[in-house]
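Chemist:
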Amino acid sequence: MSDRSLPIGAVRPRRLRQSAAMRRLTSETKLQPEDLIEVLFVKEGLEAPVELTSMPGVRQHTLDSLVEAAERAVEAGVGGIMLFGIPLEYDERGSQADDPNGILNVAVRRVKDAVGDRTVVMTDLCLDEFTSHGHCGVLDEHGDVDNDATLERYASIAVAQARAGSDVLGLSGMMDGQVGAVREALDEAGFTNTVIMAYTAKYASAFYGPFREAVDSQLSGDRRTYQQDPANAREALHELQLDLAEGADIVMVKPGLPYLDILKDVAEASPVPVWSYQISGEYAMLEFASAAGAIDRKPAVLESLLAFKRAGADAVMTYYATQAAEWLNEQ
Numbered sequence: 082m083s084d085r086s087l088p089i090g091a092v093r094p095r096r097l098r099q100s101a102a103m104r105r106l107t108s109e110t111k112l113q114p115e116d117l118i119e120v121l122f123v124k125e126g127l128e129a130p131v132e133l134t135s136m137p138g139v140r141q142h143t144l145d146s147l148v149e150a151a152e153r154a155v156e157a158g159v160g161g162i163m164l165f166g167i168p169l170e171y172d173e174r175g176s177q178a179d180d181p182n183g184i185l186n187v188a189v190r191r192v193k194d195a196v197g198d199r200t201v202v203m204t205d206l207c208l209d210e211f212t213s214h215g216h217c218g219v220l221d222e223h224g225d226v227d228n229d230a231t232l233e234r235y236a237s238i239a240v241a242q243a244r245a246g247s248d249v250l251g252l253s254g255m256m257d258g259q260v261g262a263v264r265e266a267l268d269e270a271g272f273t274n275t276v277i278m279a280y281t282a283k284y285a286s287a288f289y290g291p292f293r294e295a296v297d298s299q300l301s302g303d304r305r306t307y308q309q310d311p312a313n314a315r316e317a318l319h320e321l322q323l324d325l326a327e328g329a330d331i332v333m334v335k336p337g338l339p340y341l342d343i344l345k346d347v348a349e350a351s352p353v354p355v356w357s358y359q360i361s362g363e364y365a366m367l368e369f370a371s372a373a374g375a376i377d378r379k380p381a382v383l384e385s386l387l388a389f390k391r392a393g394a395d396a397v398m399t400y401y402a403t404q405a406a407e408w409l410n411e412q
């Protein structure tokens with residue numbers, strides 16, 4: 082049926098799609114550079130950045146190249162920078178995580194000195210990058226993750242990261258009570274203004290694979306006893322209630338695209354900002370599909386990021402943050 086056969090006065094949704102300018106004016110969802118958070122890895126002992134084979138374009142940085150990447154991100158207008166550290170030495174307690182001279186805490190100071198007054202500098206607060214067993218907590222005599230002993234480690238790490246200058250602590254370990262334990266430790270140490278971003282719904286996902294290379298993961302086994310079951314949705318709202326009661330300032334849903342339904346539910350229920358994380362496996366799929374000629378890289382990346390915003394994310398952590406921000410600035 083042609084348009085001319087429609088009755089006079091018929092509703093025509095295509096009127097609002099007829100030009101790029103009209104579509105831009107009437108779009109329901111906006112994606113801006115400040116909605117994006119760059120994720121950066123720094124590895125102790127490197128003499129030059131190392132590109133990851135499973136995540137083309139993503140690097141393990143030296144301290145110097147980390148600062149350069151942070152400066153580029155800030156120039157592009159990203160909302161913030163999330164830092165992950167990779168030490169040379171590991172032990173069962175992840176001692177390097179709260180060592181003032183540990184790689185992540187040194188990196189925070191370097192990045193804060195360079196760009197700290199122009200962006201929000203954040204740190205991953207977890208133990209998996211620092212433990213010899215690769216779990217997100219300390220182990221008991223049976224080899225299981227000891228929740229409450231881990232909280233003591235998180236409290237110490239939180240104070241160390243805040244002292245180094247981190248503006249936002251990303252509590253990614255999924256230990257019960259982690260937000261309350263960290264908030265109490267920060268307040269007692271005088272860091273009442275340090276923001277807690279709780280990984281409220283972090284699922285035991287198969288899409289984390291490339292991240293293992295990024296942080297030189299030592300993990301054997303899996304993390305299903307503390308990360309959420311991918312089959313569960315209502316549980317995410319229970320976790321949200323607990324994190325809010327313990328004092329979370331921001332909440333996170335991770336992974337991203339496979340869990341947009343969870344993101345939408347959490348965003349509708351949360352009184353605090355909700356972020357999501359486009360994780361390593363999502364990035365790798367886009368990169369390898371575009372390299373194979375299956376998709377057009379730039380529009381596919383921007384469309385994937387827009388999906389997070391449409392589902393309710395206030396900000397998106399992504400390995401594309403700087404490049405996507407530069408694309409958006411060009412537009």
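Each residue of the sequence shown is one higher than the one before, starting from 82 at the first, in my numbering. Backbone N, C-alpha and C define an ideal beta-carbon position, used for all residues, glycine too.
Can you name, in chain order, every residue of its own chain whose Cβ lies under 7 angstroms from the Cβ of valine 260, other than the five neighbours on each side?
Modeler: Same-chain partners within the cutoff: Leu252, Ile277, Ala279, Asp324, Glu327, Gly328, Ala329.
Chemist: When you compare only the Cα positions, how much space is there between glutamine 404 and aspartate 221?
Modeler: Each residue's Cα considered, the two are about 43 angstroms apart.
Chemist: Going by other Cβ atoms of all chains shown within 10 Å of its Cβ, with 16 needed for buried, is alanine 266 buried or exposed?
Modeler: Flag for alanine 266 reads buried.
Chemist: Once you ignore the five residues that flank alanine 314 on each side, which residues in its own chain have a CB closer than 8 angstroms to its CB?
Modeler: Counting only Cβ-Cβ distances below 8 angstroms, and skipping sequence neighbours, we find Asp342, Ile343, Asp346.
Chemist: Does the beta-carbon of leucine 117, which I'm using as the reference point, lie nearer than 7 angstroms to any heavy atom of the ligand NAD?
Modeler: This structure does not include the ligand NAD; it has no bound ligands of any sort.
Chemist: Any idea what DSSP makes of lysine 379, helix, strand or coil?
Modeler: Correct three-state label for lysine 379: helix.
Chemist: Are methionine 136 and serine 301 touching if we call contact CB-CB under 8 angstroms?
Modeler: In this structure, serine 301 does not lie closer than 8 angstroms to methionine 136 by Cβ.
Chemist: List the whole-angstrom C-beta distance separating leucine 117 from valine 397, where the pair is believed to meet the contact cut-off of C-beta under 8 angstroms.
Modeler: Contact holds; Cβ gap of about 6 angstroms.
Chemist: When DSSP labels each residue in this structure, what does valine 120 get in the three-state scheme?
Modeler: Strand at valine 120.
Chemist: Check whether the stretch 364 to 372 and the stretch 93 to 108 touch, using three or more Cβ-Cβ pairs below 8 angstroms as the test.
Modeler: As far as the Cβ criterion goes, the stretch 364 to 372 does not touch the stretch 93 to 108, which means the pair count is below three.
Chemist: Taking DSSP as the reference, what is the three-state secondary structure of glycine 251?
Modeler: In the structure shown, glycine 251 sits in a strand (DSSP, three-state: E or B).
Chemist: Could you tell me the alpha carbon to alpha carbon distance between tyrosine 400 and alanine 188, rounded to whole angstroms?
Modeler: Roughly 18 angstroms between the two C-alpha positions.
Chemist: Leaving aside the five residues before and after alanine 365 along the sequence, list all residues of the same chain whose C-beta is less than 7 angstroms from its C-beta, in chain order.
Modeler: For alanine 365, where only same-chain residues beyond five positions count, the Cβ hits under 7 angstroms are Ser135, Met136, Pro291.
Chemist: Do you know offhand how far threonine 200's Cα is from serine 247's?
Modeler: Each residue's alpha carbon lies about 11 angstroms from the other.
Chemist: May I ask you to report which of helix, strand or coil DSSP gives methionine 82?
Modeler: Caution is warranted here: a pLDDT of 47 is assigned to methionine 82, below 50, making its placement in the model unreliable, and no coordinate value can be reported.
Chemist: Valine 123 and isoleucine 162: beta carbons closer than 8 angstroms?
Modeler: Not a contact, by the Cβ cut-off of 8 angstroms.
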